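> Below are the structure tokens for one structure; questions will follow.
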Amino acid sequence: LSVADLSVVLVYFLLILIIGIAASCFSRRDTVQGYFLAGRNMNFLMIGASLFVSNIGSEHFIGLAGSGASGGIGVGAWELNALMLLQLLGWIFIPVYIASGICTMPEYLEQRFGGKRLRIYLATLTLVLYCLTKISVNLYSGALFIQQSMGWHLYSSVTLLVCVTALLTVTGGLTVVMYTDSLQAVLMVCGAAYLTIQGTRFISVDGYYGMKEKYMQATPNITYIQQKYNISVNSSDECFPYPREDSFTMLKGITDDEMPWLGFLLGQTPSSIWYWCTDQVIVQRALAARSLSHAQGGTLVAGFIKILPMYIMVMPGMISRVLFTNEIACVPGEHCYQVCESESGCSNLAYPKLVLRVMPSGARGLMMAVMIAALMSDLDSIFNSASTIFTLDLWKRLRKSATNTELMIVGRLFIILLVGISIAWVPIILQFQGGQLFFYIQEVTNYISPPIAAIFLTAILWKGCTEKGAFYGGLVGSSLGLARLITIFIFKPPKCGEEDTRPSFLSSMHYMYFSAILFFLTICIAVLVSLFTKKSAAENLAHLTYWTRNDSYTAADCELKLMKSDNHMKSKKAKSDIQEESHEDDVSIVQETTEKCGLKSCFYKSVRFVCGIRNPADSNESSDEVHFPSVAQNPRVKILLHIALLCILGCGVFMYIFWS
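Each residue of the sequence shown is one higher than the one before, starting from 569 at the first, in the numbering used here.
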């Protein structure tokens, strides 16, 4: 990178830090709702931008472009699926979440069913998934781009990015995350769109059909490969990377090994429901809305933006294959290994190659900033959401009398722990090849997440579902998914040209179909067990299902919420009484100490600022206010939202039909 490129990256870092510090100073970070839910005061534009960038990490730029280069537009189906499931979140799930007043997804399960085991089970499983999948894939993708573009030492560059991200998340909470996400959303879309335009001009294609023609001709030059790498390559080999004949078809035949349309609709959709409708990282953004209308508006904004990745991430990968065919479309085996040290393929280099060889000086720095933005936006979302789950779902179980200050400190310390895990994970990531890592992520989510999606769907849409039904249904589904996952690692898939010696239940069943089996099996078990177990009383389901979301608050509801608040106030009052008894002595000691050691006083002020702890003088103020959320909407706004909903769903259906 040139001096101009590095200057752009530096300016980006400064902007992010300025926005983060400003948001930290003007936001309320000393309460649970203020730190973890941004005070529930975000508008629809910020929610939409944050939903988009919380999903679009550096792995999307690397992964979507790489899949587009190797297999065509099929991978774009995930983005269109997300476009629609975001509206499922806005119109089915979020009204229930807001009405119930929950902060985390495990908390909802406890309110809906009672008991502790479902909440603890989901919280623990979610944290494990975050550590083993979300963090690892982001670090790998970001590290790959940094290594290709700047030549930095991999370990030190990733450590720097993780620490800067954690600094912003620790000090500011969700408010800072969403403000920086808004800037990063603009940067991502504009930078990626500019790269697409530049790439199209570079190959001088005649629009979409010109690109399609050149892509279908993008096969490696055998003579060039033999002369440069001194290896023998045969174009008649079954592993020779010819473009797929159905590269420009999105949903393919039901027996296709990449994108079977029936498997995608029945098997991939449940996994996507888990991600878009029940995953803390995504739902937490919508819960920060100032009203239901703003939450639904945010899902609409994010849905419209999700139309773009097909054109600014997938197609640039296809353009990269046209430009750098001998590298991106390498022949699996020795050729690929000499290009990128991976025998399975080098399609993951599609996006970095396009940026480094097509973009002019300065613009390369912009795209570097885009990739850093993608990495940081995903990581800060994961850090904040994981901290929320650990603090509110696990720590409060261990420390029932924990004060508000203690929760704020614990939440921030857990983020520091995640930073340590992230940095320690880097050497492990380096042992995986790119394709294997993405395969690992895909397998984990599709074998574990469908049972979780099934539990939430039955909980929200069926009033008769019981705690035992949900628990045993999820337990059986997760156990089967884990068993399949273990066998996948034991019996690894064969390389190209090798005989498949795996058991037939692995080799003959696509993972999407197995995901569908897990989903429907979990629902069936939950229904059967629920039919033979005691159901919750009707008054205990107010605001906890889609059909009871508009129920009026009963005296029991108010008493329960006030009891929760009263427990907090009692612990606070006890602490206040102790403070009052020693107030006079404390004041004199503090004054004397402050006069003697002004530097120490500044240090304590800095610690209080970072941890979101109030000054002692403000201790009489209420830390957390009790809210009785409402799902009421302005009739005119509601009509506009429904019109926009029809438009976005129509766009999604049209694009599915057009590309399939």
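Note that beta-carbon positions come from the ideal geometry of N, C-alpha and C, so glycine has one too.
If you're wondering where the values come from, they're calculated on a predicted model, not measured in any experiment.
Between the segment 879-890 and the segment 755-768, are three or more C-beta pairs nearer than 8 Å?
They touch, by the three-pair rule.
> Mind checking which residues open and close the alpha helix (DSSP H) that includes Q1111?
A small fix is needed here, since residue 1111 is His in this sequence, not Gln. Where H1111 is concerned, there is no enclosing alpha helix (DSSP H), given that its DSSP letter is neither H nor E.
> I need the DSSP call for K820, collapsed to helix, strand or coil.
Note: K820 maps to strand in three-state DSSP.
> Contact check, Q766 vs M927 under 8 Å by CB: the rounded distance?
Going by Cβ atoms, the distance from Q766 to M927 rounds to 6 Å, so yes, they are a contact pair.
> Would you mind reading off the limits of the alpha helix (DSSP H) that contains W659?
From DSSP, W659 is part of no alpha helix (DSSP H); its letter is neither H nor E.
> Mind reading off the beta-carbon distance from A637 to S815? Whole number of angstroms is fine, and I expect it under 8 Å.
Not confirmed; about 10 Å, so no contact.
> For L1109 and T1101, which I take to be in contact (beta-carbon distance under 8 Å), what is that distance rounded to the nearest angstrom?
L1109 to T1101, Cβ: 15 Å. No contact.
> Helix, strand or coil: which one does DSSP assign to P828?
DSSP places P828 in strand when its eight states are reduced to three.
> Starting from the Cα of R769, find the closest Cα among K874, L922, L632 and K796 and give me that residue.
Looking at the Cα atoms, L922 is the closest of the given residues.
> Secondary structure at M610, three-state DSSP: helix, strand or coil?
Here M610 sits in strand by DSSP.
> Considering Cα atoms alone, identify which of S953, I586 and L728 is closest to L707.
Ranking the options by Cα distance to L707, first place goes to L728.
> Could you check if I989 belongs to the surroundings of the ligand GTP, using beta carbon to heavy atom distance under 7 Å?
No copy of the ligand GTP appears in this structure; indeed no ligand is present at all.
> Among F1082, G658 and G913, which has the Cα closest to the Cα of T846?
It is G658.
> Using C-beta distances below 6 Å, list every residue in its chain close to A918, excluding the 5 sequence neighbours before and after it, in chain order.
So the list reads A633, G634, A637, G885, S888 and I896, once near-sequence residues are dropped.
> I'd like the span of the alpha helix (DSSP H) that includes L1089, first residue to last.
Residues Y1079 to L1099.
> Would you identify the three-state DSSP class for A633, choosing helix, strand or coil?
The answer is helix: DSSP assigns A633 an H, G or I state.
> What does the alpha-carbon distance come out to for the pair I1216 and Q848?
In a straight line, the C-alpha of I1216 is about 24 Å away from that of Q848.
> Alpha carbon to alpha carbon, what distance is there between V705 and L686?
Going by the C-alpha atoms only, they are around 27 Å apart.
> Counting along the chain, where does the alpha helix (DSSP H) carrying D946 start and finish?
A931 to I957 is the extent of the alpha helix (DSSP H) around D946.
> Looking at A863: is its Cβ nearer than 8 Å to the Cβ of I1023?
Their beta carbons are not under 8 Å apart, which means A863 does not touch I1023 by this criterion.
> Among the residues of its own chain, which have a CB less than 6 Å from the CB of F982, if the five just before and after it don't count?
Within the same chain, F982 has close Cβ partners S955 and F958.
> For a quick check, are the C-beta atoms of E1067 and K874 less than 8 Å apart?
Cβ distance not < 8 Å, so E1067 and K874 don't count as in contact.
> Which first and last residues belong to the alpha helix (DSSP H) in which P1061 is found?
Counting along the chain, P1061 falls outside any alpha helix (DSSP H), and DSSP gives it neither H nor E.
> What are the complete alpha helix (DSSP H) segments, minimum 4 residues, inside the segment 873-906?
For the segment 873-906, whole alpha helix (DSSP H) runs of length 4 or above, ordered along the chain, are 883-891 and 893-896.
> Counting Cβ pairs closer than 8 Å, one from the segment 897-908 and one from the segment 941-948, do we hit at least three?
Too few Cβ pairs lie closer than 8 Å, so no.
> Please determine if the segment 677-691 and the segment 1034-1045 are in contact, where contact requires at least 3 C-beta pairs separated by less than 8 Å.
These segments touch.
> With DSSP as the reference, label A970 as helix, strand or coil.
Looking at A970 - three-state DSSP - the assignment turns out to be coil, as it is neither helix nor strand.
> Which residues in the same chain have their Cβ closer than 8 Å to the Cβ of I1091, if we skip the five residues on either side of it in sequence?
So the list reads A1022, L1025, T1026 and G1041, once near-sequence residues are dropped.
> For I1054, does the count of other Cβ atoms within 10 angstroms reach 16, so buried, or fall short, so exposed?
So I1054 ends up on the exposed side.
> Return the chain-ordered list of same chain residues with a C-beta closer than 6 Å to the C-beta of H1151, the five sequence neighbours on each side being excluded.
With a pLDDT of 45 at H1151, under the threshold of 50, the predicted position of this residue should be treated as unreliable, though the coordinate-derived value follows. Within the same chain, H1151 has no close Cβ partners at all.
> Taking buried to mean at least 16 other C-beta atoms within 10 Å of its own C-beta, is S709 buried or exposed?
With 16 or more other Cβ atoms within 10 Å, it is buried.
> How is the alpha helix (DSSP H) around R685 delimited, first residue to last?
Run containing R685: R685 to L697, per the alpha helix (DSSP H) assignment.
> Given a threshold of 16 other Cβ atoms within 10 Å of its Cβ, counted over all protein chains shown, does I641 qualify as buried or as exposed?
Looking at its Cβ environment, which holds 16 or more other Cβ atoms inside 10 Å, I641 is buried.
> Give the DSSP bridge partners of A1200, in chain order.
None, per the DSSP bridge assignment.
> Would you mind sorting S724 into buried or exposed? The rule is 16 or more other CB atoms within 10 Å of its CB.
Exposed: under 16 other Cβ atoms inside 10 Å.
> Apply the 10 Å Cβ neighbour rule to K796 and answer buried if 16 or more other Cβ atoms are within range, or exposed otherwise.
Looking at its Cβ environment, which holds fewer than 16 other Cβ atoms inside 10 Å, K796 is exposed.
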